[in-house]
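Participant: Here the protein sequences come in this chain order: A, B, C and D. Just so we're aligned, residue 1 is where the first sequence starts under this note's numbering, counting upward by one. Just so we're aligned, residue 1 is where the second sequence starts under this note's numbering, counting upward by one. Just so we're aligned, residue 1 is where the third sequence starts under this note's numbering, counting upward by one. Just so we're aligned, residue 1 is where the fourth sequence starts under this note's numbering, counting upward by one. Glycine included, each C-beta is placed from N, C-alpha and C at the ideal position. Model, not experiment: these values are computed from the prediction. One structure is given below, represented as structure tokens, and several questions about it will come after.
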Amino acid sequence: MVAYVVSDGNHTLKVEASRLEVRPHDELFQIEIDGEKKIVSISRISPAHLSIIVDGKSFNVEVEHFEKDYQVSTRGEVYNFSVIDEREVTISSSQPDSGEKIVKAPMPGLVVEIMVSEDDQVKAGDTLLVLEAMKMQNEITAPASGVILSVLVKSNAKVNSGDDLLVLDT
Amino acid sequence: MVAYVVSDGNHTLKVEASRLEVRPHDELFQIEIDGEKKIVSISRISPAHLSIIVDGKSFNVEVEHFEKDYQVSTRGEVYNFSVIDEREVTISSSQPDSGEKIVKAPMPGLVVEIMVSEDDQVKAGDTLLVLEAMKMQNEITAPASGVILSVLVKSNAKVNSGDDLLVLDT
Amino acid sequence: MKINRILIANRGEIAVRIARACYEMGITSVAVFSEADRSAKHVRYADEAYEIGPPPSGQSYLVIEKIIETAVKSNCQAVHPGYGFLAENPLLPEACGNAGLIFIGPTHQAMALVGNKTEARKLMKNAGIPIIPGVMEPLATADEAVSAAESIGYPVLLKATAGGGGKGVRVVESPDKLKSAFVRAEAEALSAFGNPDIYLEKYMVKPRHIEIQILADQHGNIIHLNERECSVQRRYQKLVEESPSCIVDEDLRRRMGEAAVEAIRVSGYTNAGTVEFLVDSNREFYFLEVNARLQVEHPVTELITGVDLVKEQIKIASGEHLSLKQTDIGINGAAIECRISAEDPETFLPSVGLIRELIEPSGPGIRVESGIAEDYDVPVYYDPLLSKVITWGKDREEAIVRMLRALNEYKIKGIKTTIPFHRRVLVNKDFISGNYDTGIVPQIEHSETSDYLEIAAIAATIVAMTDEQVKFTSTAQKTEGWKLSGRIYGGIRSIGW
Amino acid sequence: MKINRILIANRGEIAVRIARACYEMGITSVAVFSEADRSAKHVRYADEAYEIGPPPSGQSYLVIEKIIETAVKSNCQAVHPGYGFLAENPLLPEACGNAGLIFIGPTHQAMALVGNKTEARKLMKNAGIPIIPGVMEPLATADEAVSAAESIGYPVLLKATAGGGGKGVRVVESPDKLKSAFVRAEAEALSAFGNPDIYLEKYMVKPRHIEIQILADQHGNIIHLNERECSVQRRYQKLVEESPSCIVDEDLRRRMGEAAVEAIRVSGYTNAGTVEFLVDSNREFYFLEVNARLQVEHPVTELITGVDLVKEQIKIASGEHLSLKQTDIGINGAAIECRISAEDPETFLPSVGLIRELIEPSGPGIRVESGIAEDYDVPVYYDPLLSKVITWGKDREEAIVRMLRALNEYKIKGIKTTIPFHRRVLVNKDFISGNYDTGIVPQIEHSETSDYLEIAAIAATIVAMTDEQVKFTSTAQKTEGWKLSGRIYGGIRSIGW
């Protein structure tokens, strides 16, 4: 029995699962979700594509994830979850309200313009730099007021989603 | 430089290939086919799916193979090849005209009826057994006249393509 | 009665087709499946899905009690049979009625009536509809067959009264072969249908197979939706269908349409149905039979009329009046269907296995009705029909060239399919001219071109060379139960060729 | 002149669309591609393909000399520009003419004329076509703008004379903001179009965007193919289009159609084109501009008229007379298009990466026009449009529910797309009622349902649990250059979210 804490920000569910049986075309799991037990048939169409039948209801579910961040969609609805092994759940240390903040690229793109340089004072919402992707210019703004500690990219640099762009002292 | 002998039964081609360059979106090969040299761009969409550009002509080619038997299709045409590494080409030892012949299943299916038993005399074309697949009954016939040496399957057995069914002495 | 939940007593592309219509009508679709079909597309597509038994259809899809029990348990109001399986078995509508379920199709009485070939022939003859010359009652003895054949003239066709799908059918060319053929046909009919009755009719040499689609509500309103030509057949199995037919003009369409409406009227038949005719080289038509169900080829009619036949079936079954009048039915362009089967395109031997890669055709004028998906393992137990491609064009020429494009775009990897066969039909000059009949299939040749031989050889070489160099360490993965083998290994899995 | 070979000066779904039309007409299609697009679908679909430069479009798809050089070298008779890139740049048709190539579109003179917004406004006003109140000449100074705005009344719209795509456009609500807006618009216009000219017109608050599709041959024959409503816009980018429009009745359609035909006639415009109008709440229409090309949304017109616009473009360019008369053009049912983009459905930020799994919708009434394929790496350099889904229904209600079905069936895995956004449009009550305008997008809410929260949580748990247990040994494979990462790793690759 493995237990996970699944949260979409608004709802947090504790899900325990154990595999009961591996059959030629599906696997049976016992699932306990917020205290309620269900027998669930899972057929893995592909790693990211599950067919789930529970109480006769049939769901085609797509699951994509990057580490602990999951995006799950079924019947047109999309859910964004964090999924954490119960054993790993500790008191979450949220980022402190003040101190060094790293501004990351929200998408891949080309740095077309950098509006700030080291030691500049910025207000929350100020444009720090412009990332171009797919013919669209996207302004990257300051998440909080503060001072630019360092600029980590140069003009015309190609960045990936999640790459560090600047360090801000707030 | 690797050389292969590619044959579809009617035509036999000697193809030599060497990789010239690996680029971000394709690979360039030098191909010598029946003495003629070409530079060919190959983009591997998936293992069995190649995009080939040669002299500006663009081909989407599907390649499936089981050991040395290749099925290649492009622009609606299907070619069945044997592909043999030139170093492995030896004088081919064809099956002797007489002697023990193994009758194999040409497709997967269920053995619904066996018409012969050991020591039966059969003529070429006689029905030996009936294989059912996809609601169709398919008669498996004797490839040559002879005597049944042994029957290797039982009624109601499920067989795969290529499984041995009977041994015939011709 | 408003229908909110429908049990679909079928599998494959037609079950998906019906589930799609349910979705569009706001109806909950309930699938049933055999153990072999747990991951099949229709199970994943439906809102609900219930297992009904082991893989052989005799233990699952053909068991009326399981269908009824599941429909009742899941609170369905209605059952849609699709085609094949139980679709033309009058015991299903009867059992539905007994269980308080609506059967989406004709009454069991009408189904039984049109299912009996000799009864149906008599009915049509009395209604003034031309039938193929032949006997009007089942033949009691082989001698009766001989004298009947004598008066009609050879060749003759022996057919099972309860028959269908080409079983119990024999063509007899000359008197010396009639008696033994009769005996064998009787035995085959008994084993296939539990009824040995055989009748005899004139064998029409290379007729055209043309059928009329009908909609009939429960209030006496009957309309026809033009003809479909289904003359591209192999062993009485349709392979390519089209609408309109090249040889049906407005006058013939009107006359065949009226005959079909009359055939449905005198049978007391309701819901969607098809009246099949044979048409000879003088463009005379003869009643063949009524197909008491939705046909595989119904989409060609949908594309030229704009009518969704499955939705009409459901509306009729719920007691609605037909919303369409005969004058609402026109012909918009032309449509062709190719049935894509898991069969060798040369030998028509079945081919089963894992669909490793699937690319469906798309773009203007192309519709795909499919029961398969990538990573799906085509089972050995059921009909080889995988999917249907239907193209629409402003005229037949455009529909044909679009079909060629669709067949070129369609990639089903891992098994053999009939796609290359269909390509050959589409480029056959008799087919293109429209001047063809049910004898066309044996004349379709594999006109091999060596135009792309060199490219194909180069591709094979590159794959051979790369497979040698790349050492996959995939065994561990395979044993983990992932269905990835097809993806990971170049083309190594290839049951079927 | 018979056209046998066409160079397609574009990429993505429209290049595939044009190559399909070429196939169906027996024409050899020649693709061009940047280094980043070697494995793109349009390259693989075309009969021939030539590389024309590095990834940035300024060094490849926008370089007229390379297009012309490749067309000449590959013996093409004609160039099809698609939409975007060079499609509305008069230098391309001019260069084609100089090189002896047919440009599939209007003459460079007509293109230049309709491309100049103030010239076009004057032309239409003189032809008696209603235009939006505003100035007739470019504004020389900010002061001119102020006095013009005074007489027209706020809010006003500043627009670049040479503009397009929303660039150089500013809405000004009050006099105090006009001068600075004028300066910024001028700068933006100069940088975007190399021409700082700005004009001013009345800003219409929440009009409907309705356009008329035109076909005009080189012999003076002009017909229209009904309207398209494109009011679902975000920052002047169309997102959802439909035909017919809910507010256009036969009388309005006739009047707008006649105005559009007249606009085309006075411009000397030939080939396919679109006349865009804004329609106010009193159903008065005003000329907006002529789009001198095939539109992204052309398929909705094709589905209700049965006309293949790309084929008509090619026939017109080869000098043929229009085979269609105005009376041949009817309206069969209703059609809707959703543009599927590689963007976050909430923030509309771009999302690029590898398409790991692709399942396209199919079944009745669904058409997909796509430029992507499985295992394709969506590049960062180009427009985010991946594909279009177009549905047909016997009426608008059926087209809408089919679109919802299509969006549910459509799976593009590995990147974020606007599919969830489109679902929200399709269930929005104003959209469903047909009572909407260009202000609809900000009102579309994410009506989250927690109905499937538990199932989603179970699925996530199963994947989390299985990923822990299965140790993939896939590094070796990845370094072999296979594009299999998406297949092999559950959902590990996920640039974009």
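Assuming residue 444 of chain C contacts residue 351 of chain C under a Cβ cut-off of 8 Å, what Cβ separation, rounded to an integer in Å, is found between them?
Facilitator: Position 444 of the third sequence, counting from 1, holds the residue named residue 444 of chain C. Position 351 of the third sequence, counting from 1, holds the residue named residue 351 of chain C. Actually they are not in contact, since the Cβ atoms of residue 444 of chain C and residue 351 of chain C sit about 19 Å apart, beyond 8 Å.
Participant: Report the rounded CA-to-CA distance for residue 475 of chain D versus residue 111 of chain A, giving the unit in angstroms.
Facilitator: Position 475 of the fourth sequence, counted from the start, is the residue given in the question as residue 475 of chain D. Position 111 of the first sequence, counted from the start, is the residue given in the question as residue 111 of chain A. Its pLDDT being 32, under 50, residue 475 of chain D is placed unreliably in this model, and the value from its coordinates should be taken loosely. So the alpha carbons of these two residues sit roughly 31 Å apart.
Participant: Residues bridged to residue 377 of chain C by DSSP?
Facilitator: The residue labelled residue 377 of chain C in the question sits at position 377 within the third sequence. C:354, per the DSSP bridge assignment.
Participant: DSSP three-state label for residue 39 of chain C, please.
Facilitator: Against the third sequence, residue 39 of chain C aligns to sequence position 39. Here residue 39 of chain C sits in coil by DSSP.
Participant: Nearest-angstrom Cα distance between residue 142 of chain A and residue 106 of chain A?
Facilitator: Locating residue 142 of chain A in the first sequence gives position 142, counting from the first residue. Locating residue 106 of chain A in the first sequence gives position 106, counting from the first residue. Rounded to the nearest angstrom, the two C-alpha atoms are 13 Å apart.
Participant: Compute the Euclidean distance between the alpha carbons of residue 228 of chain D and residue 238 of chain D, then round it to the nearest angstrom.
Facilitator: For the purposes of this step, residue 228 of chain D is taken as residue 228 along the fourth sequence, with counting starting at 1. For the purposes of this step, residue 238 of chain D is taken as residue 238 along the fourth sequence, with counting starting at 1. If you take the alpha carbons of residue 228 of chain D and residue 238 of chain D, they lie about 11 Å apart.
Participant: What is the residue span of the beta strand (DSSP E) that residue 213 of chain D lies within?
Facilitator: Locating residue 213 of chain D in the fourth sequence gives position 213, where the first residue counts as 1. First-last of the beta strand (DSSP E) with residue 213 of chain D: 208-216.
Participant: For residue 458 of chain C, count neighbouring Cβ atoms within 10 angstroms of its own Cβ and tell me buried if that reaches 16, exposed if not.
Facilitator: Mapped onto the third sequence, residue 458 of chain C falls at position 458. With 16 or more Cβ atoms within 10 Å of its Cβ, residue 458 of chain C is classed as buried.
Participant: If you compare alpha carbons, which of D:398, D:429 and D:460 is closest to residue 20 of chain C?
Facilitator: Here residue 20 of chain C is taken as the residue at index 20 of the third sequence, counted from 1. The shortest Cα separation from residue 20 of chain C among D:398, D:429 and D:460 belongs to D:398.
Participant: Does the beta-carbon distance from residue 213 of chain C to residue 270 of chain C come in below 8 Å?
Facilitator: Start at 1 with the first residue of the third sequence, and residue 213 of chain C comes out as number 213. Start at 1 with the first residue of the third sequence, and residue 270 of chain C comes out as number 270. No, these two residues do not count as a Cβ contact at 8 Å.
Participant: Could you pull the DSSP bridge partners for residue 83 of chain B from this structure?
Facilitator: Indexing the second sequence from 1 puts residue 83 of chain B at position 83. DSSP lists B:6 as partners of residue 83 of chain B.
Participant: Which full runs of the beta strand (DSSP E) of 3+ residues lie inside the region 186-270 of chain D, going along the chain?
Facilitator: Segments of the beta strand (DSSP E) lying fully in the region 186-270 of chain D: 198-202, 208-216, 222-234 and 237-243.
Participant: Comparing C-alpha positions only, which one of D:78, D:116, D:85 and D:111 sits nearest to residue 100 of chain D?
Facilitator: Within the fourth sequence, numbered from 1, the residue matching residue 100 of chain D stands at position 100. Looking at the Cα atoms, D:78 is the closest of the given residues.
Participant: Helix, strand or coil: which one does DSSP assign to residue 331 of chain D?
Facilitator: The count along the fourth sequence starts at 1 and reaches residue 331 of chain D at position 331. Coil at residue 331 of chain D, not helix or strand.
Participant: What are the residues in the region 129-155 of chain A lying within 7 Å of chain D by C-beta distance?
Facilitator: Taking 7 Å as the Cβ-Cβ cut-off against chain D, the residues of the region 129-155 of chain A that qualify are 133, 134, 135, 136 and 138.
Participant: Looking only at its chain, what residues have a beta carbon closer than 6 Å to the beta carbon of residue 22 of chain C, apart from the 5 residues adjacent to it on each side?
Facilitator: For the purposes of this step, residue 22 of chain C is identified with residue 22 of the third sequence, where counting begins at 1. The residues are 6 and 29.
Participant: Once you ignore the five residues that flank residue 241 of chain D on each side, which residues in its own chain have a CB closer than 6 Å to its CB?
Facilitator: The sequence position of residue 241 of chain D within the fourth sequence is 241, counting from 1. Around residue 241 of chain D: 228, 230, 297, 300 and 337.
Participant: Given residue 94 of chain D, which residues of its chain have a CB within under 7 Å of its CB, disregarding the five upstream and five downstream residues?
Facilitator: Sequence index remark: in the fourth sequence, residue 94 of chain D carries index 94 (1-based). Cβ within range, chain order: 108.
Participant: Using CA atoms only, rank isn't needed, just tell me which of C:27, C:137, C:121 and C:67 is closest to residue 267 of chain C.
Facilitator: Working through the third sequence from its first residue, we reach residue 267 of chain C at position 267. When only C-alpha atoms are compared, the closest one is C:121.
Participant: Could you spell out where the alpha helix (DSSP H) holding residue 70 of chain C opens and where it closes?
Facilitator: For the purposes of this step, residue 70 of chain C is taken as the residue at position 70 of the third sequence. Note, residue 70 of chain C: alpha helix (DSSP H), 64-73.
Participant: Using a Cβ distance threshold of 8 Å, determine whether the region 7-14 of chain B contacts the region 159-169 of chain A, with at least three qualifying pairs required.
Facilitator: No: fewer than three Cβ pairs fall under 8 Å.
Participant: Do you know how far the Cα of residue 360 of chain C is from the Cα of residue 159 of chain C?
Facilitator: Residue 159 of chain C sits at position 159 when you count from the first residue of the third sequence. Residue 360 of chain C sits at position 360 when you count from the first residue of the third sequence. Taking the straight line joining both Cα atoms gives about 39 Å.
Participant: Within 10 angstroms of the Cβ of residue 55 of chain A, are there 16 or more other Cβ atoms? Answer buried if so, exposed if not.
Facilitator: Indexing the first sequence from 1 puts residue 55 of chain A at position 55. With fewer than 16 Cβ atoms within 10 Å of its Cβ, residue 55 of chain A is classed as exposed.
Participant: Could you pull out every unbroken beta strand (DSSP E) segment of at least 3 residues lying fully inside the region 443-469 of chain C, listed in chain order?
Facilitator: Runs found: none.
Participant: Anything in the region 397-415 of chain C with a Cβ closer than 9 Å to a Cβ of chain B? List those residues in chain order, please.
Facilitator: Here the close residues are 404, 407, 408, 411, 413 and 414.
Participant: Is residue 367 of chain C buried or exposed, if buried means 16 or more other CB atoms sit within 10 Å of its CB?
Facilitator: Within the third sequence, numbered from 1, the residue matching residue 367 of chain C stands at position 367. When all chains shown are included, residue 367 of chain C counts as buried.
Participant: Less than 8 Å between CB atoms is the rule here; does residue 50 of chain D satisfy it with respect to chain B?
Facilitator: Stepping through the fourth sequence from its first residue, residue 50 of chain D is reached at position 50. At least one chain B Cβ lies under 8 Å of residue 50 of chain D.
Participant: Please confirm whether residue 473 of chain D has its beta-carbon closer than 8 Å to some beta-carbon of chain A.
Facilitator: On the fourth sequence, residue 473 of chain D is found 473 positions in, with the first residue counted as 1. The predicted position of residue 473 of chain D is uncertain, since its pLDDT is 34 and thus under 50; no value can be drawn from it.
Participant: Comparing C-alpha positions only, which one of D:431, D:291, D:395 and D:335 sits nearest to residue 112 of chain D?
Facilitator: Taking the fourth sequence and counting its residues from 1, one reaches residue 112 of chain D at position 112. Taking only the C-alpha atoms, the option nearest residue 112 of chain D is D:291.
Participant: Taking just the CA atoms, how far does residue 411 of chain D sit from residue 41 of chain D?
Facilitator: Counting from one through the fourth sequence, the residue named residue 41 of chain D turns up at place 41. Counting from one through the fourth sequence, the residue named residue 411 of chain D turns up at place 411. If I take the Cα positions, the gap works out to 18 Å.
Participant: Closer than 8 Å by C-beta to residue 154 of chain A: which residues in its own chain qualify, once you throw out the five before and the five after it? Chain order, please.
Facilitator: Working through the first sequence from its first residue, we reach residue 154 of chain A at position 154. Closer than 8 Å at Cβ, skipping near neighbours: 111 and 114.
Participant: Can you tell me where the alpha helix (DSSP H) with residue 88 of chain D in it begins and where it stops?
Facilitator: Taking the fourth sequence and counting its residues from 1, one reaches residue 88 of chain D at position 88. Careful: residue 88 of chain D lies outside any alpha helix (DSSP H) and carries neither H nor E.
Participant: Taking one C-beta from the region 200-210 of chain D and one from the region 307-317 of chain D each time, how about it: are there three or more such pairs within less than 8 Å?
Facilitator: Touching, no, given that fewer than three Cβ pairs across the two stretches are closer than 8 Å.
Participant: Quick one: give me the first and last residue of the beta strand (DSSP E) that residue 19 of chain B is part of.
Facilitator: By 1-based counting over the second sequence, the position of residue 19 of chain B is 19. Residue 19 of chain B -> beta strand (DSSP E) spans 12-22.
Participant: Considering only the beta carbon of each residue, do residue 438 of chain C and residue 206 of chain C sit closer than 8 Å?
Facilitator: Stepping through the third sequence from its first residue, residue 438 of chain C is reached at position 438. Stepping through the third sequence from its first residue, residue 206 of chain C is reached at position 206. Closer than 8 Å, so yes.
Participant: Mind checking whether residue 62 of chain C and residue 85 of chain C have CB atoms under 8 Å apart?
Facilitator: For the purposes of this step, residue 62 of chain C is taken as the residue at position 62 of the third sequence. For the purposes of this step, residue 85 of chain C is taken as the residue at position 85 of the third sequence. Closer than 8 Å, so yes.
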